[in-house]
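Below is one structure, written out as structure tokens, with a few remarks after it.
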Amino acid sequence: MRSVSINSEKYSLCLLQECGQCFVFVCVSFNVGQGIDTPLSEVGKRQAEAAGHYLQDLRFTNVFASNLQRAIQTAEIILRNNVQSSNVEIVLDPLLRERGFGVAEGRPKEDLKNMANAAGQACRDFTPPGGETLKEVKTRFQKFLKSMFQRMIDDHCQAGQLACPSTCPAPSVSPQPMVAGFADDGVADLPIHALVVSHGAYIRVAVRHLVDELHCSLPAGLKMNHIYSACPNTGICRFIITLDIGENGPQPSVVHCVFINRRDHLATLKDSD
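If you want the numbering used here, it's the 1-based position in the sequence shown plus 723.
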């Protein structure tokens with residue numbers, strides 16, 4: 724077998740719950756599930772605008788979004804407010820769709836809680852009849868990561884080498900990202916930065932996978948109940964991922980969490996209400 728050199732590179736993944744390789748997830752779901760493809764409400768639009776203003780100075784090299792209307796609108800609003808990334812293509816991926824909730828699809832969240840209580844289970848762990856299990860959602864997220872990593876390699880590699888400034892620190896010596904409460908925490912020097920727009924229940928499963936199974940490092944003082952809590956509408960999570968690139972394709976080797984469920988941008992909405 725021919726030997727293949729391994730290249731390591733950093734990506735920032737910005738996960739926004741609906742609207743986020745920094746991983747950003749932005750969430751703006753006001754009903755349960757993926758079957759009801761509703762557009763953003765007026766409140767959701769204002770929240771997406773606030774997220775867009777908060778992220779306006781960050782450069783996104785790639786943008787991925789669920790193919791549900793509310794996620795597409797959120798991604799479009801964020802890019803419209805962005806001074807560096809307004810022309811970036813939005814890649815729509817059904818792998819980012821909200822968890823399917825079966826008989827609870829499209830019903831108020833309170834109905835789902837009542838069904839979970841009747842079954843003697845916590846709401847976050849309960850699968851309604853005909854719904855998508857947490858394991859199935861995790862499998863979708865794993866497929867998305869694989870697809871996204873390959874897309875990033877295809878977009879930013881030249882002749883087998885990632886087009887990255889030589890000043891990027893090696894992953895083996897990379898420090899824990901500095902968190903100062905700014906929009907660019909952890910990503911100021913990273914050349915590859917993806918915005919991923921998805922949904923609340925999906926993001927909770929994604930974060931748990933990154934923390935529990937990919938063993939990402941966590942910021943000092945971050946409590947576990949915050950990590951596994953529901954992502955607020957347009958809440959932002961950020962992860963920095965180092966990839967090893969070899970015969971089996973790109974694989975995450977080191978994952979840092981910069982922050983989870985940040986909602987600083989929503990304070991301005993409260994002040995104006």
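Note that the Cβ used here is the ideal one computed from N, Cα and C, for glycine as well.
- Around the beta carbon of residue 948, a 10 Å sphere encloses fewer than 16 other beta carbons of the protein chains shown; the residue is thus reported as exposed.
- Rounded to whole angstroms, residue 936 and residue 861 show a C-alpha spacing of 11 Å.
- In the structure shown, residue 736 adopts extended strand secondary structure according to DSSP, grouped into three states.
- The DSSP-derived three-state label of residue 909 is coil.
- Judged by their CB atoms, residue 796 and residue 763 are nearer to each other than the 8 Å cut-off.
- For residue 795, the enclosing alpha helix (DSSP H) covers residues 792–803.
- If you draw a straight line from the Cα of residue 803 to the Cα of residue 931, it comes to about 31 Å.
- Beta-carbon to beta-carbon, residue 739 and residue 957 are separated by about 7 Å, close enough to satisfy the 8 Å threshold.
- Secondary structure note for residue 878: its alpha helix (DSSP H) is the uninterrupted segment 857–879.
- In the three-state reduction of the DSSP assignment, residue 985 falls in the strand class.
- In the three-state scheme derived from DSSP, where H, G and I count as helix and E and B as strand, residue 760 is classed as coil.
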